[in-house]
Structures are given as structure tokens and as C-alpha cells.
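Single-structure report; data block below.
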Amino acid sequence: MSPRDASVVLTGAAGGLGSAIARRLVDEGARLLLVGRTAGPLLALAQSLNAGATDRLRVDALVVDVTTDSGRAAIVDAAAARGANVLINNAAVAAFGPADRLQADEAHRVMETNVVAPMMLIAGMLPVLRSHPRAQVLNIGSTLGSLGVPGFAVYGASKAALRLYTEALRRELADTGIRVQYYAPRGIDTPFNTPEVQAFNQATGSASDTPQAIAARVLRMLQRESRQGFAGGVEAIAARLNGLCPEWLDGAFSKHRRALTANKFPTGSSS
């Protein structure tokens with residue numbers, strides 16, 4: 075879909091990647107509803123994007139928590155009112171650390187935000203999207219949802235669930251006008267990564283991208299309506315090999331295991 079034909083709902087809009095995606099969409103002529111739960115950054119982003127914008131391209135902001143029923147209902151109502159035909163599920167929370175430091179509240183928070191919230195938002199949004207001859211749902215995943223990396227077990231599990239859900243939904247809606255897509259970034263240079271994650275990535279030589287580079291790839295996916303995409307050639311190949319025979323890659327993660335062991339974590343924390 076051309077951005078000029080798109081009325082987009084973007085969750086997690088005020089974060090490093092979300093704001094980069096928002097700016098790229100607006101630059102390309104899309105109409106945009108920013109969604110986030112922190113008022114200050116979200117409203118500041120909307121004000122910035124609206125500077126000099128025409129009425130047709132005015133950016134609106136909705137401050138809600140996507141993990142709540144009331145928050146998702148507000149998003150669906152706003153989407154219907156503005157004739158939204160694209161949903162980008164970008165909201166996510168991180169988790170990193172050894173398995174024996176995982177706390178129950180963190181596990182619930184990760185799964186609720188990264189898996190349950192996008193699934194339930196899509197369920198609410200489908201009637202809105204079906205009202206258009208052409209619509210799209212793009213779920214932002216992670217290469218960690220295709221590769222089991224030490225230290226990222228919970229986060230990776232959440233993104234693996236989102237990936238499989240996206241695949242099933244794509245097949246379920248194959249005979250409709252709704253295109254379902256999944257994009258998997260690798261590491262992104264934003265505050266989403268804690269200092270512990272940054273040290274781990276440096277120790278393991280893990281590659282990363284700028285949020286602007288990922289935003290450009292997200293835009294291309296929307297334009298081409300491609301089903302699935304991965305950031306990085308090595309990561310894409312590794313994800314496919316891992317899908318065929320995961321034990322082949324077990325030995326490739328010894329340095330990650332050592333880096334995780336060498337890292338220092340506060341007691342009772344894995345993020």
C-alpha cells in the first residue's frame with residue numbers, strides 16, 4: 075500500500091523505533107494515529123510531526139495502555155472514526171538476564187505486552203480493517219523470536235509466539251483484503267537496550283541497526299505488502315537454518331553463554 079493511501083494506527087509510537095517509524099510514515103504522506111501510554115513523549119512527538127502539516131496529514135495521539143481492555147477499546151473506536159486501514163503493532167517491553175533471575179511479574183508483563191496485547195488489539199480491529207477493500211496488519215517481532223539466544227529466553231519466547239500467531243493469522247485471512255505481515259529487526263540502537271544488553275551485544279559481536287534504518291525497511295514492507303522480513307543477511311540465514319535443524323546452531327552460542335555468565339546482574343532482576 076502506498077503511504078498516501080494509508081491511515082495508520084501505530085502502537086509504541088513514542089519509543090526510539092516507534093518515533094522513527096512515525097516520522098518516516100508522515101514524511102511519505104501517511105495519516106497517523108500515535109498510540110502510547112506515556113503522555114509527555116507521545117504528545118511532544120505529535121506536536122513535532124504536526125509542525126507545518128496540512129489538515130489531511132494531521133497526526134493525532136491517543137494516550138492509553140494497550141495491555142488493558144479499556145485501552146484497546148479506545149484504540150478501536152479512534153481507528154474506526156478515522157477510517158484506519160493499517161495497524162502496526164510495535165509496542166513491546168524488554169527482558170534480559172539469566173533464567174534463574176526471572177521474576178513472575180516480569181514474565182507476565184512481557185507476555186501481556188508483547189503477545190496478548192497485539193493479539194487482542196487485532197481481534198478488536200478486524201471489523202474496522204474489513205470495512206476497507208485493502209488493509210494491512212504489520213507486527214514488529216525480532217530475530218530473537220526465531221533464534222534462541224541465551225539471556226533473551228523470555229523476550230524471545232514472546233516474539234516467537236507473536237511470529238507464529240502472525241503466520242496463522244496470515245493464513246486465516248488469506249482470502250480477504252487484509253494483508254498480514256511480520257518484520258523481525260535485530261538489535262536496534264535505542265534506549266530499549268539497557269547497559270547490560272549493550273555490554274552483552276558488544277561482548278558477543280552482535281550487530282545492530284539505527285532506528286531510522288529499520289523504519290525505512292518497515293516502510294518498504296508496507297509498500298510491497300511482503301509477508302515476512304528479517305534485518306541482516308546473517309540473521310535471516312541463521313533464522314532459516316534454526317527453523318530446519320536448531321541443534322546445528324547450538325555451538326554458535328557458546329560466546330553468548332560465557333558473556334551472560336560474566337555479566338553482573340542485581341539480585342532479583344533480569345531486565
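Read in order, the letters of the sequence shown correspond to residues 75 to 345 in this note's numbering. For each residue, glycine too, the CB sits at the ideal point set by N, CA and C.
Check, Outcome
"If you run the structure through DSSP and keep just helix, strand and coil, what is Gln302?", "strand"
"Roughly how many angstroms lie between the CA atoms of Leu123 and Arg332, to the nearest whole one?", "44 Å"
"Considering Cα atoms alone, identify which of Met185, Phe170, Val138 and Leu107 is closest to Ile162.", "Leu107"
"Return the CA-CA distance between Ala289 and Pro172, expressed in angstroms with no decimal places.", "30 Å"
"Taking only the alpha-carbon atoms, compute the straight-line gap between Ala178 and Ala165 and give it to the nearest angstrom.", "21 Å"
"In angstroms, rounded to a whole number, what distance separates the CA positions of Met199 and Ala153?", "8 Å"
"Distance check for Thr268 and Glu299, CA to CA, integer angstroms please.", "33 Å"
"Hey, out of Arg111, Leu195, Ala277 and Gly215, whose CA is closest to Ala147's CA?", "Leu195"
"Beta-carbon separation of Thr141 and Val109 under 9 Å?", "no"
"For Asp249 and Asn213, I'd like the C-alpha separation in whole angstroms.", "19 Å"
"If contacts are defined as beta-carbon pairs under 8 Å, then Ser76 and Gln255 qualify, I think. What distance do you get, rounded to the angstrom?", "Incorrect: roughly 15 Å between the Cβ atoms, too far for contact."
"Within the continuous alpha helix (DSSP H) that includes Ser122, where are the two ends?", "Ala113 to Asn124"
"Taking Cβ to Cβ, would you say Gly261 is nearer than 9 Å to Lys329?", "no"
"Nearest-angstrom Cα distance between Leu334 and Leu218?", "16 Å"
"In angstroms, rounded to a whole number, what distance separates the CA positions of Ala326 and Pro201?", "45 Å"
"Does DSSP put Gly110 in a helix, in a strand, or in coil?", "strand"
"If we count the other Cβ atoms within 10 Å of its Cβ and call it buried at 16 or more, is Gly317 buried or exposed?", "exposed"
"When we look at the beta-carbon of Ala95 and count the other beta-carbons within 10 Å, is it buried (16 or more) or exposed?", "In the sequence under discussion, the amino acid at residue 95 is Ile, which differs from the Ala named in the question. So Ile95 ends up on the buried side."
"Could you name the residues of the same chain whose beta carbon sits closer than 8 Å to that of Leu221, not counting the 5 residues immediately before and after it, in chain order?", "Gly230, Glu309, Ala312, Ala313, Asn316 and Leu323"
"Just the C-alpha distance for Ser345 and Ala169, rounded to the nearest angstrom, thanks.", "Interpretation of Ser345 is limited by its pLDDT of 32, a score under 50 that renders its predicted location unreliable; the figure taken from the coordinates is listed afterwards. Spanning the two alpha carbons is a distance of roughly 5 Å."
"Output the boundary residues of the alpha helix (DSSP H) element that contains Leu176.", "Taken as a continuous stretch (DSSP letters only), Leu176 belongs to no alpha helix (DSSP H), as it is neither H nor E."
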